[in-house]
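For reference, the structure is listed below as C-alpha cells.
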Ligand code: CUA
C-alpha cells in the first residue's frame, strides 16, 4: 500500500506508521466487541430492572488510563527520535539550495548550475536541501523518501535524505499555493556517485552546440514554462505561445503593444511589469536563472509557433 522505500529514513518511518495503524485497529476491534457484548449482557430485562449505584472502580480506571498512556508515550518517543533525525543532516551531507516559485521548483548546485523541476542527487550519500520560497507557502514532498517540509518565504527550512539506489522519484508540492498547485511537480534523479559528478560537470554546457529553436523548445519544458503556457493555443494560467509572436496585445493598463523581442524578454525577466489583459500577475521572474543566450533561444522558438 505504501510507496517503495527508497531512502535510509523510509523503513523507520514506515515501522512507526504500521505500529500506530495496527494498535489502532486492535483497539478499535476490542472496544467494538466490548460495546456490543456489554449492550447485550446488561440489556433491560424487565420493567423494574434498576441499575445499582456504582461510584468507581480504581483498578479498572487505572488500567484504562495507564495502557493508553504507555502506548502514546511509545509513539511520542519513537516519533521524536525520527523527527530529530530528520531535522539534523549529517555533517558530510551534500547541500543543494531549493527555491520554490509559483509553480516550479528550482535546484541550485554548488557549481552554480540551476535545474528546474529536476533534482539530481548521488545515491548512498546524505543530501541536505536548504529551501526557501520566492512567493507563497509551498511544501516539498518526496513520498519514496518519506520526507516532507514546508517551504516558506523569507525563511529557510531544510530536510535531508540518503537515497539507497539509483532511480527516479516524484516530488510534489503539498501546500495549496494557487491555481497550478497540482501541476507543481518535479522529478528526482538518483545517480551513482560517478554519474552524478559527470552530470554536474556537463549539465551547464550541454546546450552549447544546440540549434536555438530546438534549445528554446527544450528550455520551456525544462523551466516549467509549459505549466502555464501552452504551445497549441490552449489557454492555461498564462497566454499561449501559439500566435504570440508579432501579435497586437492589450495590457491590463489599457495600453496596446506588439509582442516583439523586447516584450518577450521583459516578460521573462520582469513578468509583472506588463500584464496581458485577462491574466493574473502570477509569473515568477527568471532573472538569474536564464542567461541571454537561453532567452534568445526561447524567443526563436516562440517565433516558430504561428
Ligand atoms: Cu506550490 Cu502547491
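Residue numbers (this note's numbering): 1008 to 1313. Positions of the beta carbon are idealized from the N, C-alpha and C atoms, including for glycine.
Original post:
In whole angstroms, what separates the C-alpha of residue 1236 from that of residue 1034?
Top reply: As a working mapping, residue 1236 is identified with position 229 in the chain shown. As a working mapping, residue 1034 is identified with position 27 in the chain shown. If you take the alpha carbons of residue 1236 and residue 1034, they lie about 52 angstroms apart.
Subject >> Alpha-carbon to alpha-carbon, residue 1041 and residue 1058 >> reply: Residue 1058 sits at position 51 when you count from the first residue of the chain shown. Residue 1041 sits at position 34 when you count from the first residue of the chain shown. So the two alpha carbons sit approximately 19 angstroms from each other.
Original post:
Considering only C-alpha positions, which residue in the set 1287, 1243, 1220, 1234 is nearest to residue 1260?
Top reply: As a position in the chain shown, residue 1260 is number 253, starting the count at 1. For the residues 1287, 1243, 1220, 1234, the minimum Cα distance to residue 1260 belongs to 1287.
Subject >> Closer than 8 angstroms: residue 1242 CB and nearest ligand 1 heavy atom >> reply: If you number the chain shown from 1, residue 1242 lands on position 235. False, no ligand heavy atom lies under 8 angstroms from that Cβ.
Subject >> Supposed contact pair residue 1313 and residue 1226 - C-beta distance, whole angstroms, cut 8 angstroms >> reply: By one-based count along the chain shown, residue 1226 stands at place 219. By one-based count along the chain shown, residue 1313 stands at place 306. Under the criterion of beta carbons closer than 8 angstroms, residue 1226 and residue 1313 do not qualify as touching, at roughly 19 angstroms.
Original post:
For residue 1151 versus residue 1176, is the C-beta distance shorter than 9 angstroms?
Top reply: As a first step, residue 1151 is located in the chain shown; it is residue number 144 there, counting from the start. As a first step, residue 1176 is located in the chain shown; it is residue number 169 there, counting from the start. Yes; because the gap between Cβ atoms is below 9 angstroms, this pair is in contact.
Subject >> Where residue 1120 falls: helix, strand or coil (DSSP) >> reply: Here residue 1120 refers to the residue found at position 113 of the chain shown. In the structure shown, residue 1120 sits in coil (DSSP, three-state: anything other than H, G, I, E or B).
**OP:** Measure how close the beta-carbons of residue 1142 and residue 1291 come, nearest whole angstrom, since I'm counting them as under 8 angstroms.
**Re:** Working through the chain shown from its first residue, we reach residue 1142 at position 135. Working through the chain shown from its first residue, we reach residue 1291 at position 284. The Cβ separation is near 7 angstroms, so the contact holds.
Original post:
Would the beta-carbon of residue 1194 fall within 9 angstroms of that of residue 1178?
Top reply: Residue 1194 sits at position 187 when you count from the first residue of the chain shown. Residue 1178 sits at position 171 when you count from the first residue of the chain shown. In contact: residue 1194 and residue 1178 (Cβ atoms closer than 9 angstroms).
Subject >> In DSSP terms, what residue 1198 is bridged to >> reply: Taking the chain shown and counting its residues from 1, one reaches residue 1198 at position 191. Looking at the DSSP assignment, residue 1198 forms a beta bridge with 1129.
**OP:** Please state whether DSSP places residue 1075 in a helix, a strand or coil.
**Re:** Numbered from its first residue, the chain shown carries residue 1075 at position 68. Correct three-state label for residue 1075: helix.
**OP:** Just confirm the distance between the C-beta atoms of residue 1275 and residue 1305, as a whole number of angstroms; I'd bet it's less than 8 angstroms.
**Re:** Within the chain shown, the letter at position 268 stands for residue 1275. Within the chain shown, the letter at position 298 stands for residue 1305. Yes, residue 1275 and residue 1305 are in contact; Cβ-Cβ is about 7 angstroms, under 8 angstroms.
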